[in-house]
Amino acid sequence: DTEVTQTPKHLVMGMTNKKSLKCEQHMGHRAMYWYKQKAKKPPELMFVYSYEKLSINESVPSRFSPECPNSSLLNLHLHALQPEDSALYLCASSQDRTYNEQFFGPGTRLTVL
Amino acid sequence: AQKITQTQPGMFVQEKEAVTLDCTYDTSDPSYGLFWYKQPSSGEMIFLIYQGSYDQQNATEGRYSLNFQKARKSANLVISASQLGDSAMYFCAMREGTYRGKIIFGKGTRLHILP
Numbered sequence: 043d044t045e046v047t048q049t050p051k052h053l054v055m056g057m058t059n060k061k062s063l064k065c066e067q068h069m070g071h072r073a074m075y076w077y078k079q080k081a082k083k084p085p086e087l088m089f090v091y092s093y094e095k096l097s098i099n100e101s102v103p104s105r106f107s108p109e110c111p112n113s114s115l116l117n118l119h120l121h122a123l124q125p126e127d128s129a130l131y132l133c134a135s136s137q138d139r140t141y142n143e144q145f146f147g148p149g150t151r152l153t154v155l
Numbered sequence: 783a784q785k786i787t788q789t790q791p792g793m794f795v796q797e798k799e800a801v802t803l804d805c806t807y808d809t810s811d812p813s814y815g816l817f818w819y820k821q822p823s824s825g826e827m828i829f830l831i832y833q834g835s836y837d838q839q840n841a842t843e844g845r846y847s848l849n850f851q852k853a854r855k856s857a858n859l860v861i862s863a864s865q866l867g868d869s870a871m872y873f874c875a876m877r878e879g880t881y882r883g884k885i886i887f888g889k890g891t892r893l894h895i896l897p
């Protein structure tokens, strides 16, 4: 299995809602990543988990809360988001933080109303 | 200062022709890695090719090759015999250092393959 899966594919939420994005991989990778990508822009790194511990937080607002319950699963909890948070959220994994290739999931397209 | 520069916002190429997508980078770290990713309209980022700063040979993967010119800090992607399915956004990216895990992407080049 060489796939990173993300659910849901699309999410529409209000500014007062709480929702979660889910990412899963079964490649035995020990590093997992969240990226945010606005339309017509490159992906921007948000968080890196290495061996289930948060190793990089790119000064992301606290309304985004990552969680890595086990080595295969990465969640992104969303609360009190703003319309400008609407974007494509991409999850990726790699063998570890030093490994070259990151495998990306298909993304969750988030719209905040 | 931009770490990764892609100067071609868009390109139109005839099918079956070779394509070169430009990428220059800026780093003072002697250890770094360079990547190219393809992003079709569906959104998924597809890894194409990797070049390490200490690699002596240019990387190749099927129809993709990376023209690595270290002194010029250039890492152009060459796609041979382009196909309609190559139409997508292409991102050049760099990882500085060995252990940091962070990849920085360029702004991308939108490639259109014409039949």
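These protein sequence lines are chains A and B, in that order. Each residue of the first sequence is one higher than the last, beginning at 43 in the numbering used here. Each residue of the second sequence is one higher than the last, beginning at 783 in the numbering used here. Glycine is no exception: its CB is placed at the ideal position from the N, C-alpha and C atoms. Here the structure is a predicted model, which means the values were calculated and not measured.
- With three or more CB-CB distances shorter than 8 angstroms, the region 801-809 of chain B counts as touching the region 853-871 of chain B.
- Interface criterion met: the Cβ of A875/B is under 9 angstroms from a Cβ in chain A.
- For P897/B, the number of other beta carbons within 10 angstroms of its own is below 16, and it is reported as exposed.
- Q124/A is the residue among Q124/A, L116/A, S92/A, E86/A whose C-alpha sits nearest the C-alpha of S104/A.
- Taking all protein chains shown into account, T49/A has fewer than 16 neighbouring C-beta atoms within 10 Å of its C-beta and is therefore exposed.
- Residues of chain A with a Cβ closer than 8 angstroms to the Cβ of F829/B are, in chain order, E143, Q144, F145, F146.
- By the criterion of a C-beta distance shorter than 7 angstroms, A129/A is surrounded in its chain by K78, Q79, K80, L152, once the five residues flanking it on both sides are discounted.
- For R151/A, the nearest beta carbon of chain B is closer than 9 angstroms to its own beta carbon.
- Collapsing the DSSP output to three states places P85/A in coil.
- Around the Cβ of D868/B, a 10 Å sphere holds 16 or more other Cβ atoms; the residue is buried.
- The contact set of S824/B on chain A, defined by CB atoms closer than 9 angstroms, consists of P148, G149 in chain order.
- Only exposed fits A863/B, as fewer than 16 other CB atoms lie within 10 angstroms of its CB.
- Around the beta carbon of K820/B, a 10 Å sphere encloses 16 or more other beta carbons of the protein chains shown; the residue is thus reported as buried.
- Between S847/B and I831/B, the gap from beta carbon to beta carbon is short of 9 angstroms.
- The alpha carbon of I786/B has as its nearest neighbour, out of E878/B, R892/B, H894/B, the alpha carbon of E878/B.
- The C-alpha of I886/B lies about 31 angstroms from the C-alpha of N59/A.
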